[in-house]
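Asks:
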Amino acid sequence: MIPFLDLGAAYRELAGDIDAAVARVLASGWYVGGQEVEAFEAEFAAYTESAHCVGTGNGLDALVLALRACGIGPGDGVIVPSNTYIATWLAVSAVGATIQPVEPDPATHNIDPARIAAAVTPDTRAILPVHLYGQPADLDPILDLARKHGLRVIEDAAQAHGARYRGRRIGGHGDVACWSFYPGKNLGALGDAGAITTGDAGIAERIRRLGNYGSAQKYVHVERGVNSRLDPLQAAVLRVKLAVLDDWNDRRRAIAAAYGEGLAQSGLGLPHVPNWAEPVWHL
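Following the working numbering, the numbering of the sequence shown begins with 6 at its first residue and continues without gaps.
(1) Which residues bound the beta strand (DSSP E) around residue 222?
(2) Report yes or no: do three or more beta-carbon pairs, one from the stretch 197-217 and one from the stretch 110-128, lie closer than 8 Å?
(3) Can you tell me where the beta strand (DSSP E) holding residue 321 begins and where it ends?
(4) Report, in whole angstroms, the separation of the C-beta atoms of residue 130 and residue 81, which I expect to be a contact under 8 Å.
(5) When the Cα of residue 136 is compared with those of 180, 176, 33, which residue comes out closest?
(6) Are the beta-carbon atoms belonging to residue 227 and residue 215 less than 8 Å from one another?
(7) First and last residue of the beta strand (DSSP E) that includes residue 285?
(8) When DSSP labels each residue in this structure, what does residue 236 get in the three-state scheme?
(9) Which runs of the alpha helix (DSSP H), 4 residues or longer, sit entirely within the stretch 59-119?
(10) Using DSSP bridges, identify the partner residues of residue 57.
(11) With DSSP as the reference, please indicate the residues paired to residue 160 in a beta bridge.
(12) To the nearest whole angstrom, what separates the beta carbons of residue 93 and residue 233, a pair I think is in contact under 8 Å?
(13) Note down, in chain order, each residue of its chain lying with its Cβ closer than 6 Å to the Cβ of residue 221, except the 5 sequence neighbours on either side.
(14) Evaluate residue 152 with the Cβ neighbour count: other Cβ atoms within 10 Å of its Cβ, from every protein chain shown; 16 or more gives buried, anything less gives exposed.
(15) Between residue 6 and residue 193, what straight-line distance do the alpha-carbon atoms span, to the nearest angstrom?
(16) In the DSSP assignment, the beta strand (DSSP E) including residue 147 goes from what residue to what residue?
(17) Kindly indicate which three-state DSSP category residue 175 falls into: helix, strand or coil?
(18) Determine whether the beta carbon atoms of residue 138 and residue 276 lie at a separation below 8 Å.
(19) I need the straight-line Cα distance from residue 132 to residue 21, nearest angstrom please.
(20) Within the continuous alpha helix (DSSP H) that includes residue 262, where are the two ends?
Right under this line is the structure:
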């Protein structure tokens, strides 16, 4: 039987480069922060066409820190897809905000922009679209609605590494995008890891501070923070995999096309891919 997911295959393909990257970190003696993390953050920001990237401990932390950095908390409503991984909902509840679920478009399985307007209430402060299964959500109407109502747009991009919306990579469309590098992701670490990307320097600075015990300067803690940092070992491995991500995504697209052709007459409801979307077929 062919396993649904063979993480060892990815390692075997890149074993030499991954082993060298890990050895480089071990020899450096620098195991928290440092040049390896900074290099990955710069490379991933460039890849996602974003101005800033901040590493986090995992994807859920990225969502929680992004919500906090955008000022979302108790009494605030956050519109989320009803069809998503539980981390999206957990992040909203973690900051004390109210979950406002919206049903998906049955053709794409992503949040239906046409239903969002009816879900907005006076308490709504943010929209949290998810690019589910590697397919971008329809962002333009979501961004238009957010501007109309003065709402934040926080993207859950945990399954969309390398996906494009209207020709532009996911990662810099809304106020902030949140990423998971869980090992099974298209861009996966060797354990838990995450990040945010944003064009807003203030949001990036606050997320970095919140994830470092509320501190931007050693032993000076200006707010209640947590320990949620990307470590150099994971950053080094992610740098190796980022270099081949586009090739891996192309291979996924070819496999998805073969499945689509083979299942076309099966009667199954296959995901519709709009002409403005370039998915990366996560899962």
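In this text, a Cβ means the ideal position worked out from N, Cα and C, and glycines have one as well.
Replies: Put simply:
(1) Residue mapping note: residue 222 aligns to position 217 of the sequence shown, counting from 1. From DSSP, the beta strand (DSSP E) with residue 222 extends over 220-222.
(2) No, they do not touch.
(3) Residue 321 is absent from the model: the chain starts at 6 and stops at 288.
(4) Taking the sequence shown and counting its residues from 1, the one referred to as residue 130 is at position 125. Taking the sequence shown and counting its residues from 1, the one referred to as residue 81 is at position 76. That belief holds up - the Cβ atoms of residue 130 and residue 81 are roughly 4 Å apart, short of 8 Å.
(5) Locating residue 136 in the sequence shown gives position 131, counting from the first residue. Nearest neighbour of residue 136 by Cα position, chosen from 180, 176, 33, turns out to be 176.
(6) The sequence position of residue 227 within the sequence shown is 222, counting from 1. The sequence position of residue 215 within the sequence shown is 210, counting from 1. No, Cβ-Cβ distance for residue 227 and residue 215 is not below 8 Å.
(7) Here residue 285 refers to the residue found at position 280 when the sequence shown is read from its first residue. From DSSP, residue 285 is part of no beta strand (DSSP E); its letter is neither H nor E.
(8) Within the sequence shown, the letter at position 231 stands for residue 236. In the structure shown, residue 236 sits in coil (DSSP, three-state: anything other than H, G, I, E or B).
(9) You should have 64-74, 91-99.
(10) Translated into the one-based positions of the sequence shown, residue 57 becomes position 52. According to DSSP, which records beta bridges pairwise, residue 57 is partnered with 203.
(11) Residue numbering aside, residue 160 sits at position 155 when the sequence shown is read from its first letter. For residue 160, which the question treats as bridged, DSSP gives the partners 182.
(12) As a working note, residue 93 is residue 88 in the sequence shown. As a working note, residue 233 is residue 228 in the sequence shown. Residue 93 to residue 233, Cβ: 17 Å. No contact.
(13) On the sequence shown, position 216 is the one that residue 221 refers to. Cβ within range, chain order: 214.
(14) Residue numbering aside, residue 152 sits at position 147 when the sequence shown is read from its first letter. Exposed is the call here.
(15) Taking the first residue of the sequence shown as 1, we reach residue 6 at position 1. Taking the first residue of the sequence shown as 1, we reach residue 193 at position 188. Spanning the two alpha carbons is a distance of roughly 23 Å.
(16) The residue given as residue 147 occupies position 142 in the sequence shown. Taken as a continuous stretch (DSSP letters only), residue 147 belongs to no beta strand (DSSP E), being part of the alpha helix (DSSP H) at 144-154.
(17) On the sequence shown, residue 175 is found 170 positions in, with the first residue counted as 1. Note: residue 175 maps to coil in three-state DSSP.
(18) Locating residue 138 in the sequence shown gives position 133, counting from the first residue. Locating residue 276 in the sequence shown gives position 271, counting from the first residue. Taking 8 Å as the Cβ cut-off, residue 138 and residue 276 qualify as a contacting pair.
(19) Along the sequence shown, read from residue 1 onward, the residue named residue 132 stands at position 127. Along the sequence shown, read from residue 1 onward, the residue named residue 21 stands at position 16. Each residue's alpha carbon lies about 42 Å from the other.
(20) Here residue 262 corresponds to residue number 257 of the sequence shown, with the count starting at 1. From DSSP, the alpha helix (DSSP H) with residue 262 extends over 250-267.
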